[in-house]
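A.B. asks: Numbering (UniProt numbering), first residue to last: 1 to 212.
Pasting in a structure now, in structure tokens, and then I'll have a few things to ask.
Encoded structure:
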């Protein structure tokens, strides 16, 4: 079945986590329609709340299927468009590592970085009660994954996990929420060289310069 741009609708703001999904969409290489929601209450409109009751972007609607949350959207798109080769086959032993690092970044990394940036990290004696344990342990584990990336998390195959994990690493370096480590910098450099990443950044940067 051929894909029309109206079959896949992308709800975003170029100054949000929607940039992750934009990059994923460019890696997929299928037509899609972009709907930009300004930070002026549009995300809380009844029309958009019917799509995402959280009133947040990003979200996609693909042939009637609504998907929210950046990691979930990346995983969904990889499976919805298998010809793009952005996920290992279900029967592959690499599927475990794919899920592991994709959702490690969406869970412990996101939580630990957010908590540290707001001064809300759990005290050491209560670290076992939070999913990330400690900020230091989470960052060290992320570094282990990135150090082993040669060139990507699953070896030669670039996947949706690289889009999501790579976005967290790149943003962490840009906003100083992750420590400067050679493995992080080298991985981010390889990611920025991808044509799809460059196209996605140009599209979003153009929207910032000239809002829709």
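Using N, Cα and C, we set each Cβ at its ideal position, and we do this for glycine too.
Remember, predicted model here, so these are calculated numbers, not experimental data.
1) Name the one or two DSSP bridge partners that residue 157 has.
2) If you follow the beta strand (DSSP E) that residue 65 is part of, which residue opens it and which one closes it?
3) Roughly how many angstroms separate the alpha carbons of residue 170 and residue 91, rounded to a whole number?
4) Distance check for residue 26 and residue 19, CA to CA, integer angstroms please.
5) Do you know how far the Cα of residue 42 is from the Cα of residue 48?
6) Using the Cα positions of residue 196 and residue 160, report the straight-line distance between them to the nearest angstrom.
7) On a CA-only basis, which of 60, 123, 113 is nearest residue 179? Give me that one, please.
8) Whose C-beta lies closer than 6 angstroms to the C-beta of residue 67 among residues of the same chain, with five residues either side of it excluded?
9) Should residue 100 be labelled buried (16 or more other beta-carbon atoms within 10 Å of its own) or exposed?
10) Of the residues 58, 30, 45, which one's Cα is nearest the Cα of residue 15?
11) Out of 34, 206, 96, state which residue places its alpha-carbon closest to the alpha-carbon of residue 4.
12) Quick check: residue 172 and residue 184, are their CB atoms within less than 9 angstroms of each other?
13) Quick one: grab the DSSP three-state call for residue 39.
14) Terminal residues of the continuous alpha helix (DSSP H) containing residue 144?
15) Measure from the alpha carbon of residue 6 to the alpha carbon of each residue in 111, 86, 30, then state which is nearest.
16) Give the range of the beta strand (DSSP E) segment to which residue 11 is assigned.
17) Can you tell me where the beta strand (DSSP E) with residue 51 in it begins and where it stops?
18) Quick one: Cα of residue 128 to Cα of residue 146, how far?
19) Use the C-beta contact count for residue 189: other C-beta atoms within 10 angstroms, 16 or more gives buried, fewer gives exposed.
C.D. replies: From the atom records:
1) Translated into positions along the chain shown, residue 157 becomes position 157. 154, per the DSSP bridge assignment.
2) The residue you call residue 65 lines up with position 65 of the chain shown. 65 to 68 is the extent of the beta strand (DSSP E) around residue 65.
3) One-based indexing of the chain shown puts residue 170 at position 170. One-based indexing of the chain shown puts residue 91 at position 91. Whole-angstrom Cα-Cα distance: 31 angstroms.
4) As a first step, residue 19 is located in the chain shown; it is residue number 19 there, counting from the start. As a first step, residue 26 is located in the chain shown; it is residue number 26 there, counting from the start. Their Cα atoms are separated by approximately 11 angstroms.
5) Here residue 48 corresponds to residue number 48 of the chain shown, with the count starting at 1. Here residue 42 corresponds to residue number 42 of the chain shown, with the count starting at 1. If you take the alpha carbons of residue 48 and residue 42, they lie about 7 angstroms apart.
6) In the chain shown, the residue the question calls residue 196 occupies position 196. In the chain shown, the residue the question calls residue 160 occupies position 160. Spanning the two alpha carbons is a distance of roughly 12 angstroms.
7) Taking the chain shown and counting its residues from 1, the one referred to as residue 179 is at position 179. Per the Cα distances, 113.
8) Walking along the chain shown from the start, residue 67 turns up at place 67. The answer, listed in chain order, is 60, 73, 76.
9) For the purposes of this step, residue 100 is identified with residue 100 of the chain shown, where counting begins at 1. Burial call: exposed.
10) As a first step, residue 15 is located in the chain shown; it is residue number 15 there, counting from the start. Cα-wise, what sits closest to residue 15 is 58.
11) The residue labelled residue 4 in the question sits at position 4 within the chain shown. When each option's Cα is compared against that of residue 4, the closest is 34.
12) As a position in the chain shown, residue 172 is number 172, starting the count at 1. As a position in the chain shown, residue 184 is number 184, starting the count at 1. Cβ atoms of residue 172 and residue 184: closer than 9 angstroms.
13) Taking the chain shown and counting its residues from 1, the one referred to as residue 39 is at position 39. DSSP places residue 39 in coil when its eight states are reduced to three.
14) Residue numbering aside, residue 144 sits at position 144 when the chain shown is read from its first letter. Where residue 144 is concerned, the enclosing alpha helix (DSSP H) stretches over 135 to 147.
15) Walking along the chain shown from the start, residue 6 turns up at place 6. With distances taken between Cα atoms, residue 6 lies closest to 30.
16) Within the chain shown, the letter at position 11 stands for residue 11. Segment 8 to 12, the beta strand (DSSP E) holding residue 11.
17) Taking the first residue of the chain shown as 1, we reach residue 51 at position 51. That residue, residue 51, is in no beta strand (DSSP E); it is neither H nor E in DSSP.
18) Here the question's residue 128 lines up with position 128 in the chain shown. Here the question's residue 146 lines up with position 146 in the chain shown. One C-alpha to the other measures close to 25 angstroms.
19) Taking the chain shown and counting its residues from 1, the one referred to as residue 189 is at position 189. Label assigned to residue 189: exposed.
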